[in-house]
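Chains as they are written, first to last, in my numbering: chain C, 1 to 226; chain S, 1001 to 1226; chain Y, 2001 to 2226; chain Z, 3001 to 3226.
Beta carbons are placed, not taken as given, at the ideal position from N, Cα and C, and that holds for glycine.
The structure displayed is predicted, hence computed values, not measured ones.
Before any comments, here is the structure.
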C-alpha cells in the first residue's frame, strides 16, 4: 500500500473511531506503516475526525525523530508517538491505535489493584491473532502518568512480561488503551475486538454474569517456583 | 431478485449491521439466495462493512461446497457456511444472519444453565413470522464450540426440538446469535426484532421489570408424560 | 406544505427514527397532513427506513377509509391508522408518530400497575407544547392488546380523561408509544422530547436519582370530592 | 475566520451534536464569534440539526441586543443569548455551547445538594484548557429556573466563585450544561471532553468504581481560615 493510500485509510479510521466515541476531545491517535518502514503518525491537539492526509508525520521507528513533517508546519506529532515507536520496535508491528473509550476506562477500573484484566469465554477472543475462544486472555493494566511519554517505562515492562506475550493491547488506568497489529487492518480488527471485549467484561461484571476471575498479580517465576 | 441485486443488498446490510455494532472485528456474517437456488455467502476474515459484491461466494445448499468463487481467489467462504446450509436445508429458508451483538451474548448469559430464554409480553414478538404479542416465545441457547463448524450438531438438535418450532433464531452462549428468514427482507426483519427482544429481556432483567420466567430444560415428551 | 414535500419529510423522519432505534423490524409508523385535510399514512409490513414517498396512503380522518392508494397496489396502510385518525379527530392534530423505542417500553414498565407515569423536574418538559419545567406532567399508560386497532377504545378513554389533557402522547405497555403534534414539526419535537423524558425517568429510577412519584390511579372526581 | 465560515461551522456542529443526542426537541444552542467581535447565535424554537447559516443572529456582547437579524424575520434569537453574552463578557470567550445531554442531567443529579461535582483521575481532564490529569476539577452545579434568562444571576455568582476559576462549564440541575471556549474549536473540544467526563463520573458512581468525592460547599476563605 502506497503512503497516499495509507494516509487516506488512517484519516478514514479516525472518523470511524470518532463516530464510535472511541476518540474525542482531540484525544486518541493512530499510526500506520510508511513506505520506508517507519510510522505515519497523526498530529496532536487536532480534532481527530478532521485530520487530513497531509496532516500526518513520518516518524522514525528507532528514535521517534521526525523524518517528514506535516504540510502545516504549525503541527506537532502526537505525544503517543513515543509509545507507538516503542511498540513498533518491540513487537515488530506498524499500526497502533490509542483510544479514550469509556469502556476501556471502566475495564481498567474493574481490575482494581491488579495489573491485568482477564477475558475469557467469549467468541470475540478469536478476533485477536493467535487466540481461541477457550483461552483465558490477560490484558495488562498500567497506571496513568502525568505525561503520555512517561508511560514508556511501564509499557516496556509490560511488553517484557511473559504473562502478556499473547496481548496486542494494554489498558491505561483512568485513561484508555493502546492496541496494535502488524498492519492497519489487523490493528483495526484488534481495536474492534478489544473494545467489544472490554465492553463485555464490564457489562457482565455489573450484572454478575460470568465475571472474569481477577487474580493477584504474580510473576511467572513465582508461579513456577516449586 | 437477480444475483447482482442480492449481492448489493447483502453488502449494504453488512454495513448497516456494522453501524449497529452487531458485526465487528471481522466477525459475523450473512447469506442470501442465489439465482440457482443456493446461497450467496460472505467471505471469512474480511472487515464485514467493507465486503464488496464480488467478494461473495455461491455455496451449495446440499453439501456446502463452493459453486462459484469470489473474484479475489485469496478469499475463503465464512466458516458459518456450514450452519447456513444446515438451516437452509432444515427450515427451507435462504437468508441467515450471524451476529456477535453484545446484547445477544448477555441474553445467552441470562439463560444461566437453561437451554433457552423466554420472551413474552412484547409487541415486537409480532416482528417474528407467526407470532402474536400474547405468545410465550422460546429461543434456544446452545453452548459455544471451539470452531464454528462444530456448532452444526447442536444447531441440528435444536432445529429438531419441537419446543423451538416457532423460533427463527438461536443464541450461542458467549458468542452471539444466528437468525434466519425465507428471504433477505424477512431475515432483516427477524434480525432487528430479535436484537430488540434480546435487549429488552436483558434490560428488564437487570431492573427487575417483568422478568422472563426461565424454566428448567425439559423435553416435550417429559412434559406430556401423564 | 404541498403533499409532495410532506411525503418527502415523512420518509426522511422515518429514516431518522430508524437510526435512533425508535422504529425497527418494520414496526412503528408516522402520519402527516395531506393537502385535503386528511392523513398521509405509511404502509404496514415495510421496513420503515426504506419507505418511499409514493408508498404513502391518504387516509380519511373521519372513518379511516382509504382516499388514495399507494403506487404499489400490494401495500396496505399501517394498522396504526385507526389510532392515528382517532387522535387526529379528538385532538385536532395532523401528525402522529408511533415508535417501539425500548426506552418507552421501560417507562411503561416503570409505571407498574398505575395508569400513568409522572415526569417532573426536567427542562425538556418545555419541549412539549404548553408545559413549563415546573409542571408535574402525567403521561397515560394503557395496556397492550392483541391487535393494534383494538387499542382504539383505551386510547379514546385516555383522551377523555381530564388528568391527561396536557399530554401529547400515550405509552402502551410492552409495546411503545404514540406521540402527536399539530403538524409534523411539532410531532417531531414532541417525539424527541418524550423519548428523552422517558429515557430520563428510567435512568433516574434505576439509580435512585429524583425518582418520579407514581401515584395510584384516581379520577379527578375522587380527588375533588370534599 | 470570516462570518460565512463561522456560520457554516456552527450549523455543522449543531448537526453533530444532534447525532450525539446532546441537542434534541429544538433544545440546546451554540454561539461563535462574529467578525465584529460579537456573537453569532442560533435561533430559538428551531430543530437545531436543521438550522441554516442564514438563520443565525449577530448579538451584541455588551447588552444582548440584536445587531443583525436572521434572514427569516419570524425567527428570534435563542433565550440562551443572555447566558452566552454574560459568559463572553466575564470569561473573554466567544463560543458557548448549551446541551440537554442526559449524561449532564445525571451528573447534576449525582451532586445531590452540593453546588458542584468533582472530576478526578481521568486523562480526559487534559481536554480542558489548563488542566492536568492529576487535578481535582470542580464543575459548578446551579439550580434550574423557570426561564433560561433567569439563570443569569446564578451563572454570574458561579463565575465569580474562585473555586470554579478553572471550569469552562456549568451544570444546570434537571436541565443540562453550558460549556465554553475561546473559539469554536476550543468550545467543541471542551464540549466533547466535558460530556465524556460527565458520562464517566456517572458510570463510575453507579458501579462503585473510583467515585468522585463530593464535598460540602465551602468557600475558599473558610478553607484557608487557620
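Between residue i and chain Y, is the shortest Cβ-Cβ distance under 8 Å, so that the two count as touching?
i, result
"residue 3104 of chain Z", "no"
"residue 3024 of chain Z", "yes"
"residue 3214 of chain Z", "Residue placement at residue 3214 of chain Z cannot be trusted, given a pLDDT of 49 that sits under 50; the coordinates are not used to answer."
"residue 3027 of chain Z", "yes"
"residue 1180 of chain S", "no"
"residue 1188 of chain S", "yes"
Would residue i pass as an interface residue toward chain Z - the criterion being a Cβ-Cβ separation below 8 Å?
i, result
"residue 157 of chain C", "no"
"residue 17 of chain C", "no"
"residue 2133 of chain Y", "yes"
With distances taken between CB atoms, is the gap from residue i to residue j smaller than 8 Å?
i, j, result
"residue 176 of chain C", "residue 190 of chain C", "no"
"residue 61 of chain C", "residue 85 of chain C", "yes"
"residue 27 of chain C", "residue 100 of chain C", "yes"
"residue 1047 of chain S", "residue 188 of chain C", "yes"
"residue 2014 of chain Y", "residue 2042 of chain Y", "yes"
"residue 3195 of chain Z", "residue 3103 of chain Z", "yes"
"residue 1080 of chain S", "residue 1148 of chain S", "yes"
"residue 1040 of chain S", "residue 1003 of chain S", "yes"
"residue 3057 of chain Z", "residue 3050 of chain Z", "no"
"residue 3059 of chain Z", "residue 3179 of chain Z", "no"
"residue 2141 of chain Y", "residue 2114 of chain Y", "yes"
"residue 3133 of chain Z", "residue 144 of chain C", "yes"
"residue 3121 of chain Z", "residue 206 of chain C", "no"
Identify which residue in the options has its Cα closest to the Cα of residue i.
i, options, result
"residue 34 of chain C", "C:108, C:93 and C:157", "C:93"
"residue 1063 of chain S", "S:1159, S:1152, S:1165 and S:1169", "S:1152"
"residue 3166 of chain Z", "Z:3186, Z:3090 and Z:3138", "Z:3138"
"residue 3001 of chain Z", "Z:3140, Z:3185, Z:3122 and Z:3103", "Z:3185"
"residue 2172 of chain Y", "Y:2022, Y:2164 and Y:2154", "Y:2154"
"residue 3091 of chain Z", "Z:3102, Z:3120, Z:3038 and Z:3168", "Z:3168"
"residue 3199 of chain Z", "Z:3112, Z:3148 and Z:3106", "Z:3106"
"residue 2123 of chain Y", "Y:2113, Y:2115 and Y:2136", "Y:2136"
"residue 1007 of chain S", "S:1044, S:1055 and S:1045", "S:1055"
"residue 1005 of chain S", "S:1066, S:1071, S:1053 and S:1019", "S:1053"
"residue 1045 of chain S", "S:1036, S:1023 and S:1066", "S:1023"
Classify residue i as buried or exposed, calling it buried when 16 or more other Cβ atoms lie within 10 Å of its own Cβ.
i, result
"residue 3109 of chain Z", "buried"
"residue 1203 of chain S", "buried"
"residue 146 of chain C", "exposed"
"residue 1174 of chain S", "buried"
"residue 2012 of chain Y", "exposed"
"residue 1224 of chain S", "Caution applies to residue 1224 of chain S, whose pLDDT of 40 falls short of 50 and renders its modelled position unreliable; the value that the coordinates give is listed next. Looking at its Cβ environment, which holds fewer than 16 other Cβ atoms inside 10 Å, residue 1224 of chain S is exposed."
"residue 1127 of chain S", "buried"
"residue 3077 of chain Z", "buried"
"residue 2071 of chain Y", "exposed"
"residue 1162 of chain S", "exposed"
"residue 3029 of chain Z", "buried"
"residue 3025 of chain Z", "buried"
"residue 1095 of chain S", "buried"
"residue 2032 of chain Y", "buried"
"residue 1226 of chain S", "Low local confidence applies: a pLDDT of 38 at residue 1226 of chain S is under 50, so the model's placement there is unreliable, and no value is given."
"residue 2088 of chain Y", "buried"
"residue 3210 of chain Z", "buried"
Contact criterion: CB-CB distance below 8 Å. Does residue i meet it with respect to chain C?
i, result
"residue 1035 of chain S", "no"
"residue 1208 of chain S", "no"
Does residue i have its Cβ less than 8 Å from a Cβ in chain S?
i, result
"residue 221 of chain C", "Bear in mind that a pLDDT of 43 at residue 221 of chain C, under 50, signals an unreliable position, so the model cannot answer this."
"residue 124 of chain C", "yes"
"residue 199 of chain C", "yes"
Does the beta-carbon of residue i, which I'm using as the reference point, lie nearer than 7 Å to any heavy atom of the ligand ATP?
i, result
"residue 119 of chain C", "The ligand content of the structure shown is nil, which means the ligand ATP is not present either."
Uninterrupted beta strand (DSSP E) stretches inside the region 1084-1138 of chain S (no shorter than 3 residues): Along the length of the region 1084-1138 of chain S, whole beta strand (DSSP E) runs at least 3 residues long occupy 1095-1099 and 1116-1119, reported in chain order.
Whole beta strand (DSSP E) elements within the region 126-201 of chain C, 3-residue minimum: For the region 126-201 of chain C, whole beta strand (DSSP E) runs of length 3 or above, ordered along the chain, are 136-142, 169-172 and 176-181.
Complete beta strand (DSSP E) runs within the region 3029-3056 of chain Z (minimum length 3 residues, chain order): If we require 3 residues or more, the beta strand (DSSP E) runs fully inside the region 3029-3056 of chain Z come out as 3029-3033 and 3039-3041.
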